[in-house]
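**Student:** One structure is given below, represented as structure tokens, and several questions about it will come after.
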Amino acid sequence: DPYAKDPARHPFFIVNNPRPFNAEPPPELLLDAGFITPNDLYYVRNHLPVPDVDPDKYRLHVEVEGKGARCVQYSLADLKTKFPQVKVVTAIQCAGNRREDMTNVKPVKGLGWSCGAISNSEWTGVLLRDVLEHAGVNVNDPESSGIEHVQFEGLDRDLTTCYGSSIPAGMAVDPKGDVLLAFEMNGEPIPRDHGFPVRAVVPGVVGARNVKWLDKVIASKEESKNHWQQKDYKGFNSSTDWDTADFSKSPAIQQLPINSAILSPADGSSVSQYDDEVTVKGYAVAGGGRAVVRVDVSADGGETWTSAELKPTSQPLYRTWAWTLWEASLPVPKGKGEMKLVCKAVDAGYNSQPERPEPIWNIRGVLSNSWHRVGLKVED
Ligand code: MTE
Ligand code: MO
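Numbering (full-length UniProt numbering), first residue to last: 230 to 609.
Below is the structure:
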């Protein structure tokens, strides 16, 4: 059993798949934890068994392709001592977060994530830019020497493949991009489920590129050939089916669209008509470092809106990697028997969320960011 050595997990996780292990924290626990998601509650998205890595024997292999191709190896101690250490607070969100809203329209191929395939924590590591420069990449203009992508390969594998993906080189070396080779998560060595001992952390970019248990970093002319870069994590229109989908025509998802969700109250719960107000709380997050500038909430299914109070993240408008938590008080409607809560967020590019999941439905159920809805009963 390749999964026999997987680590122990939080007993309250909502498990979407046991092997490979995939689980999300219950919304009320994600919310109670606040801005920083603790390591044991952090959602887990594994495609393969968790590798058992000896930190003393660990080596990161950095390959630079092209003229004068080379491979440089770094021990954990090399990474920690040769380069300045950097801390970055960022959300990581799976492309399949909130997939259940799409599944409710029409079945899709993919795990049934609710709104918990996202977490936010502080990572400590070294800049990928610094390590690439040390390994011989011209980090001020990688394309001029034929480096267009930076590929990542994990130590997790089955008989035929490892997990892998890539990001554009410009993103990898952006001095304001904060892309890390991380070795600590919330001040502790990264737990086994989240990539011990080293993982790529690519702020503002979909979870799938944040490769765990990092084995190789390859500076290359080519995108990663890995299944999860080429044949998965891509969007299609809602009329495309598995027979007509041409994966070579869709770019790999990198930055994610603006998204938000209500974490409390829970869908289907009750309030009394004698209560004046209901407090609604949730998160919002945008891709590419764009800040969340507004979250609109409605108590009548989207007829009328008020703006929620945003908890400040103190990050620059175009370098906001963390999620934004928000809160709003909405009056309980009298004599209607129900309260239809909705939230939608707006980012620094004034992008917002689509009203319905139908027009953005796709075969893999990715990029699910329609208005999030929660229904409450108003009791006499
Ligand atoms: N890295 C490796 N090596 N193997 C994986 O299965 N899953 C990816 C990414 N990195 C994965 C990986 C996906 S799809 C997501 S959403 C995130 O890791 C999840 O990170 P987490 O489990 O720490 O929450
Ligand atoms: Mo993911």
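All C-beta atoms in this analysis are idealised placements derived from N, C-alpha and C, irrespective of residue type, glycine included.
Can you tell which of V282, E362, V431 and P541 has the C-alpha that lies nearest to the C-alpha of Q316?
**Tutor:** Note that residue 316 corresponds to Lys in the displayed sequence, not to Gln. It is V431 whose Cα lies nearest to the Cα of K316.
**Student:** For A346, count neighbouring Cβ atoms within 10 angstroms of its own Cβ and tell me buried if that reaches 16, exposed if not.
**Tutor:** buried
**Student:** Run through DSSP, which three-state label would F264 get?
**Tutor:** coil
**Student:** Under 8 angstroms by Cβ, that's how I've got V526 and L559 pegged, so tell me the actual separation to the nearest angstrom.
**Tutor:** 6 angstroms
**Student:** Would you list, in sequence order, the uninterrupted alpha helix (DSSP H) runs of no fewer than 4 residues that lie entirely inside the segment 280-321?
**Tutor:** 305-311
**Student:** Would you list the one or two residues that DSSP bridges to K445?
**Tutor:** Paired residues: H290 and E382.
**Student:** For D496 and Y287, I'd like the C-alpha separation in whole angstroms.
**Tutor:** Rounded to whole angstroms, D496 to Y287 spans 46 angstroms at the Cα level.
**Student:** If you follow the alpha helix (DSSP H) that residue 229 is part of, which residue opens it and which one closes it?
**Tutor:** This structure does not reach residue 229, given that the chain is present from 230 up to 609, and the question cannot be answered.
**Student:** Is R274 near the ligand MO, judged by its Cβ being under 6 angstroms from some heavy atom?
**Tutor:** yes
**Student:** Go through its chain and collect everything with a Cβ distance to S348's Cβ below 6 angstroms, but skip five positions before and after it.
**Tutor:** Closer than 6 angstroms at Cβ, skipping near neighbours: T266, Y271 and Y272.
**Student:** Work out the CA separation of P583 and A574 for me, nearest whole Å.
**Tutor:** 10 angstroms
**Student:** One question on the structure: do L539 and W555 come within less than 7 angstroms of each other, judged by their Cβ atoms?
**Tutor:** One thing to note: L539 has its Cβ within 7 angstroms of the Cβ of W555.
**Student:** Assuming H456 is part of the alpha helix (DSSP H), what are its boundary residues?
**Tutor:** H456 to Q459
**Student:** For a test of the three-state rule: what should DSSP assign to V244, helix, strand or coil?
**Tutor:** strand
**Student:** Would DSSP call R421 helix, strand or coil?
**Tutor:** helix
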